[in-house]
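Going down the list, the sequences are from chains V and D.
Going by this note's numbering, the first sequence wraps up at 910, each residue one higher than the last.
Going by this note's numbering, the second sequence wraps up at 910, each residue one higher than the last.
Just so you know, even glycine gets a beta-carbon here, dropped at the ideal spot from N, CA and C.
The model shown is predicted, which means the values in this text are computed figures rather than measured ones.
Presented below is the structure to which this report refers.
There are 2 protein chains.
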Amino acid sequence: MKNAQSFIGRMAVLALVTLGGTAAARGDEGMWLFNQPPKKILQEKYGFEPTGPWLTNLQRASVRFNSGGSGSFVSSDGLVMTNHHVGADALQKLSSHERDYIATGFHARTQAEEIKCVDLELNVLVGIEDVTARINAAVKPGASAAESQKARRAAMNNLEKESADKTGLRCDVVTLYRGGLYHLYSYKRYTDVRLVFAPEMAVAFFGGDPDNFEYPRYDLDICFFRIYENDRPLKVEHYLKWSAEGAADGELVFVSGHPGHTNRLDTVANLEFLRDRVYPYTLNLIRRREVLLSIYSERGLENARRAKEDLFAMQNARKARAGGLAGLQDPAVMGDKRKEEKKLRDAVQADPRLSKSAGDAWSQVGSAVKTWNDIFYRHQLLEAGHAFLCKKFEIARFLVRLAEESAKPNADRLREYRESNLQSVRLMLFSEAPIYDDLETVKLADALSMYMEIAGADNELVQKVLAGKSPRDRAAELIRGSRLADVAVRRQLADGGLKAIQSSDDPMIRLARLVDEPARRVRKSFEDKVEEPLRQAYAKIADARFALVGTDVYPDATFTLRLSFGEVKGYTDLGVQLPPWTTLGGAYRHAEEHGSRWPFALPQSWLDRKPRLNLDTPFNFVLTSDIIGGNSGSPVVNRRGELVGIIFDGNLESLVWDFVYTEQTGRAIAVHSSAIREALRKVYDDQKLADELGR
Amino acid sequence: MKNAQSFIGRMAVLALVTLGGTAAARGDEGMWLFNQPPKKILQEKYGFEPTGPWLTNLQRASVRFNSGGSGSFVSSDGLVMTNHHVGADALQKLSSHERDYIATGFHARTQAEEIKCVDLELNVLVGIEDVTARINAAVKPGASAAESQKARRAAMNNLEKESADKTGLRCDVVTLYRGGLYHLYSYKRYTDVRLVFAPEMAVAFFGGDPDNFEYPRYDLDICFFRIYENDRPLKVEHYLKWSAEGAADGELVFVSGHPGHTNRLDTVANLEFLRDRVYPYTLNLIRRREVLLSIYSERGLENARRAKEDLFAMQNARKARAGGLAGLQDPAVMGDKRKEEKKLRDAVQADPRLSKSAGDAWSQVGSAVKTWNDIFYRHQLLEAGHAFLCKKFEIARFLVRLAEESAKPNADRLREYRESNLQSVRLMLFSEAPIYDDLETVKLADALSMYMEIAGADNELVQKVLAGKSPRDRAAELIRGSRLADVAVRRQLADGGLKAIQSSDDPMIRLARLVDEPARRVRKSFEDKVEEPLRQAYAKIADARFALVGTDVYPDATFTLRLSFGEVKGYTDLGVQLPPWTTLGGAYRHAEEHGSRWPFALPQSWLDRKPRLNLDTPFNFVLTSDIIGGNSGSPVVNRRGELVGIIFDGNLESLVWDFVYTEQTGRAIAVHSSAIREALRKVYDDQKLADELGR
């Protein structure tokens with residue numbers, strides 16, 4: 216449920232990031248923009264109208280985890296709640312052979328004990344501005360796709376810098392409806408983030424991979440951080456009050472979070488490409504890495520600790536993608552998509568104006584996708600870096616490109632090296648997160664082997680990369696020889712600019728330089744021949760849809776703040792009526808039914824404190840609100856804006872939500888607010904933290 | 216180390232089975248024919264000459280497990296020793312929710328307690344006859360490849376039937392040197408095989424997947440069966456005496472077993488095809504199934520039990536194939552292959568007679584491999600059945616083809632349905648081995664999904680197979696609807712012949728019928744356009760090699776009995792000198808070093824009895840003898856023909872032996888005979904079984 220983009224690193228989905236679509240909502244469907252909330256639908260279906268202050272408080276209380284998830288302020292003292300599995304990246308980076316915070320959990324009893332995270336960046340959205348006219352004005356009529364791409368990028372890079380310089384905020388131009396609209400999002404950016412509390416993984420991820428994306432569930436998938444400013448807890452005006460009772464059956468609730476990516480309005484040709492190429496490739500890659508990390512992990516406890524977060528990420532992504540592929544391979548889903556597309560195309564055809572503006576959009580998508588298919592593997596291997604997948608290569612590429620891009624005017628830089636994004640790049644680049652050479656070596660050896668398999672052993676670049684050695688030997692040589700684990704070395708290289716990079720004899724820097732030109736070449740092909748044509752075609756479709764369906768539509772997810780709504784509501788699975796929530800007592804029964812063996816073994820703390828707990832306390836609950844990977848950690852609030860739960864997953868039936876929302880059996884899954892307080896008080900003996908919630 | 220063919224079911228390697236090659240031996244290299252033992256080399260290097268009786272006793276004491284391994288008679292009362300992981304297939308089929316013999320082991324204290332296996336066939340080789348002239352005579356000069364293929368098959372099918380009718384033995388024509396020679400092997404065939412003893416998997420496979428193919432090792436990878444005839448233990452004249460001391464450092468030893476398949480003399484073009492297509496495809500498939508079975512297993516203890524053998528098979532195959540691919544991707548290995556090939560081709564070119572007979576053989580291999588590449592996926596999906604991989608489909612295919620083939624003259628039948636093989640087919644077909652519908656469904660759903668991915672969603676046959684449903688729904692429908700788990704239903708269908716098959720409404724039979732014609736079509740393409748041209752080309756190369764190198768060469772492995780020799784000998788790994796053997800005491804230390812957690816936890820029996828054991832007893836040892844998957848369970852004997860150990864694995868460095876033997880660090884790994892007796896006596900309190908060994 217975490218944002219799959221971060222989960223599977225730079226996998227295939229990354230290529231999709233800038234695309235987007237529009238949908239006509241049904242039922243409780245929709246990931247709505249905060250500046251275009253679904254007022255009409257809410258009024259009609261639930262008789263509820265969100266007020267300005269209600270929306271503002273929820274928006275400003277929402278927090279984006281740039282590592283790939285969502286969260287919210289739950290006290291005026293900068294306390295942020297998210298999922299354990301969103302915090303896990305930070306926990307992993309703070310852990311060592313001596314202290315495994317993922318396994319044991321972490322508990323600061325005083326603020327002094329809260330420990331600073333290594334490279335965590337949190338963002339709070341403070342402003343949204345429509346800049347569509349300015350971005351579109353930059354593109355001259357009749358310009359080629361390459362010229363359009365370049366002009367649009369320059370406009371975005373410059374606008375962001377201008378705005379950031381003026382406000383001191385993080386400013387991102389967000390492409391909505393795949394080009395239908397451009398909004399400038401301004402964020403407060405926080406990097407002094409400290410770990411407050413995490414439960415043991417055994418209860419945060421109770422049921423493990425078998426129970427992931429399942430319901431009924433029993434997970435305390437929570438984690439607390441605190442934002443500091445000037446070495447003191449951040450004082451916030453906007454945070455969520457804690458509901459006295461928590462979510463109730465049938466209650467109207469809202470989710471405010473950062474859904475990562477959806478493809479709801481892809482054309483059929485585009486979906487077929489996902490089905491036939493992108494998903495199968497991605498799943499093979501995920502399974503390959505899952506097996507690799509499992510093998511590595513089984514060799515010993517320390518290995519298992521080092522690979523834990525990576526392995527979980529692979530398992531989570533594998534299950535999510537497999538569910539997505541199952542949807543794409545389901546003729547019922549595809550049949551509906553075909554019908555919908557035909558209906559829209561017929562309507563466009565029937566309207567002379569629309570027919571002229573958008574009639575050719577579908578065939579444009581089709582031919583862009585065909586080009587995409589032609590360069591797909593090269594793009595994944597070289598530009599997405601799957602051929603060299605390890606942290607040292609990632610750092611080397613960052614260093615090489617930072618030097619190259621910094622030497623250019625801001626307008627001409629690759630998007631991620633635009634002036635306004637450099638702070639975030641540097642945060643990652645100079646992260647003190649540990650790097651394990653043994654793990655790096657097995658990952659790189661496997662990646663190089665895959666590169667040889669796909670690109671071919673006789674490929675000229677493959678031969679240059681391998682330098683006459685086997686993938687294993689070459690990987691060992693590269694990892695052993697590179698000094699990039701040392702942050703001081705990285706800083707020196709970054710400070711030295713192009714000259715330092717060009718004269719570096721670090722073998723990983725040399726590899727990154729070797730593959731940089733071909734990687735840039737395929738990226739340029741992708742941007743000019745795939746991304747831009749798709750953007751133009753989808754913008755036409757979006758405009759046609761606006762004209763036909765009206766404005767009450769929402770854009771596909773873009774890992775930016777969205778508002779969903781829905782009901783707390785059980786469902787029927789294979790004839791069995793599943794309740795709207797589980798209870799703490801159910802967790803103990805679930806463990807017993809599985810022999811209390813990992814991953815169904817509750818931690819000792821929970822076994823010890825069972826007698827104290829109110830076993831009827833609701834634990835996890837299901838709701839119809841529309842979510843997707845990236846929504847992990849999103850607060851669930853009631854009509855009064857009070858926190859009643861925290862999203863941590865969707866059920867198996869919701870995995871098709873990548874492409875289509877269905878509320879018959881698809882559900883989001885959340886931890887109930889009552890369980891959080893009950894556990895903090897009676898399992899973890901933390902009256903103080905429990906009392907701080909919502910205060 | 217078990218025969219990879221059986222391990223990975225009908226995977227890519229199956230297509231290779233009938234190919235073979237020749238090699239000029241180096242060092243202790245060679246998997247020698249029992250009727251062409253390497254007398255000269257043994258005499259020169261070790262001053263040893265195997266006598267006729269010595270060879271006969273070893274040959275007749277050797278046992279083939281048709282489920283994919285080797286074994287030997289170790290008492291005059293028909294007691295057969297093999298590996299636990301070879302016996303695991305039988306153990307799994309005898310197990311149920313109530314009794315998990317793989318986990319707990321099995322121990323018959325009396326002969327009355329020995330239990331009959333479900334579908335195990337053991338073979339003992341009693342005769343070898345050269346039938347090359349007769350097989351080759353069947354092929355008319357100037358015949359097309361398709362005609363040659365047909366004529367050769369007819370000759371083989373008929374010869375086998377004729378011989379079987381005459382002798383009452385199982386008779387197989389074995390293609391050696393990929394067509395250079397044809398030998399008729401006659402076997403005694405035993406199917407009343409009873410389980411005598413198996414240790415717990417925790418000690419048989421101590422160290423699990425992490426330690427698989429590793430050394431030092433500490434595995435009691437043994438299992439005892441007893442052959443019965445007329446409900447009484449088989450009395451055998453030829454069995455192995457038990458060595459008093461077991462293997463000693465530097466001692467000359469022999470391995471007699473059934474290596475499954477090697478590609479040592481493939482041309483470079485053929486090896487490149489394995490590297491670029493066969494191995495990557497096979498590894499993706501293995502990883503895919505490994506992940507699938509892991510997920511299924513993690514859902515509960517009973518699931519884990521049901522999938523245990525399958526999952527182990529996948530993990531074993533994955534490690535073996537990955538090692539093979541690493542060899543193929545190693546430019547040093549491929550460089551040597553290129554040099555060798557050039558040397559041979561130059562020598563052929565320099566000899567006018569050879570140049571005429573074999574000069575074009577390499578380009579013939581090249582073009583056959585090209586055709587193979589064109590039909591590779593179709594062949595794997597449809598004929599090897601990867602698109603429908605589950606037991607019920609396997610049974611359905613057997614039934615459909617048995618009916619079709621039985622209606623034809625023996626000469627024209629597909630090889631596996633030749634008259635002389637029908638007993639073995641029926642043994643499998645009517646096996647009472649349990650079939651689990653839930654496991655079948657997840658396997659079939661995944662296979663159908665893969666089929667859709669590779670063949671394409673719009674493929675006409677894909678659409679017919681899926682019948683308008685998603686892979687998951689279709690798999691559920693097929694498995695739920697099929698009654699083929701019931702052996703009586705299978706017998707009825709088999710007895711009913713073609714008519715019963717054609718009128719059956721069992722959905723799996725209907726699926727097998729639907730795909731039969733296209734599957735046969737691609738099989739015929741493979742046989743006529745790939746197999747036969749390769750056979751002819753490789754036969755030419757083999758003849759040229761005989762002419763140039765002489766007759767002291769051995770054929771590639773064919774899962775038939777071979778003799779290897781070598782020394783008990785440690786080696787140096789990354790600068791560390793590894794001893795020729797480990798000890799029982801080492802096992803306890805190894806467990807402790809890994810926190811005694813699975814798979815490094817010794818069973819309770821071993822913990823309890825530690826004080827009684829002589830901890831200095833040698834446990835596992837390494838030897839230079841040439842082995843490959845299928846050799847698992849092979850006896851290791853000394854100059855006197857006494858049993859000193861049992862092969863169960865090779866080290867990582869030996870995985871390249873698929874293509875090239877190297878003895879610098881490559882080693883076979885065996886359980887030491889002394890450890891077996893010590894464990895039987897002191898851990899398992901079985902003085903009787905220990906005393907029976909070698910008696």
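Same chain only: Cβ atoms within 7 Å of residue i, ignoring 5 sequence neighbours per side
i: A648 (chain V); result: K308, V333, D334
i: S570 (chain V); result: V563, Q564
i: D721 (chain V); result: S697, R698, L699
Residue i and residue j closer than 7 Å at C-beta
i: L337 (chain V); j: V278 (chain V); result: yes
i: L830 (chain V); j: G800 (chain V); result: yes
i: V911 (chain D); j: V851 (chain D); result: Given that chain D is displayed from residue 216 to residue 910, the structure contains no residue 911 (chain D) and the question cannot be resolved.
i: A573 (chain V); j: P748 (chain V); result: no
i: A754 (chain D); j: G395 (chain D); result: yes
i: D436 (chain V); j: N298 (chain V); result: yes
i: L726 (chain D); j: K607 (chain D); result: no
i: F288 (chain V); j: Y454 (chain V); result: yes
i: W872 (chain V); j: P833 (chain V); result: no
i: G856 (chain V); j: N250 (chain V); result: no
i: N835 (chain V); j: I884 (chain V); result: yes
i: A626 (chain V); j: N853 (chain V); result: no
i: P495 (chain V); j: E668 (chain D); result: yes
Buried or exposed (CB count within 10 angstroms, at least 16 for buried), residue i
i: L229 (chain D); result: No answer about L229 (chain D) holds up, because its pLDDT of 30 lies below 50 and its placement is not dependable.
i: A709 (chain V); result: buried
i: L822 (chain V); result: exposed
i: N427 (chain D); result: buried
i: G267 (chain D); result: exposed
i: E766 (chain V); result: Checking the displayed sequence, the identity of residue 766 (chain V) turns out to be Thr instead of Glu. Exposed: under 16 other Cβ atoms inside 10 Å.
Coil, strand or helix - residue i by DSSP
i: H809 (chain D); result: coil
i: M296 (chain V); result: strand
i: P448 (chain V); result: strand
i: L776 (chain D); result: coil
i: G542 (chain D); result: helix
i: S840 (chain D); result: coil
Same chain only: Cβ atoms within 8 Å of residue i, ignoring 5 sequence neighbours per side
i: R533 (chain D); result: L498, I501, R502, E505
i: D901 (chain V); result: H322, R324, F412, L895
Residues near residue i by beta carbon distance below 6 Å, same chain, minus five either side
i: R560 (chain D); result: none
i: A519 (chain D); result: S512
i: R225 (chain V); result: In this predicted model, R225 (chain V) has a pLDDT of only 32, less than 50, meaning its place in the structure is not dependable; the value taken from the coordinates is given anyway. Excluding sequence neighbours, R225 (chain V) sits near A599, G600.
i: A276 (chain V); result: S287, F288, H453, Y454, L455
Minimum Cβ-Cβ distance from residue i to chain A less than 7 Å
i: H809 (chain V); result: Annotation note: the requested chain A is absent from the structure, which comprises protein chains V and D.
Threshold first: 4 residues or longer. Then list the alpha helix (DSSP H) segments lying entirely within the stretch 853-897 of chain D, N to C.
Listed in chain order, the complete alpha helix (DSSP H) runs (minimum 4 residues) inside the stretch 853-897 of chain D are 888-897.
Every unbroken alpha helix (DSSP H) inside the stretch 699-739 of chain D [4 residues or more]
702-718
Threshold first: 4 residues or longer. Then list the alpha helix (DSSP H) segments lying entirely within the stretch 346-431 of chain D, N to C.
347-353, 360-382, 416-419, 423-426
Let me know the alpha helix (DSSP H) ranges lying completely inside the stretch 249-321 of chain D, each 4 residues or longer, listed in chain order.
254-261, 267-276, 299-309, 316-319
Threshold first: 4 residues or longer. Then list the alpha helix (DSSP H) segments lying entirely within the stretch 519-586 of chain D, N to C.
546-565, 567-573
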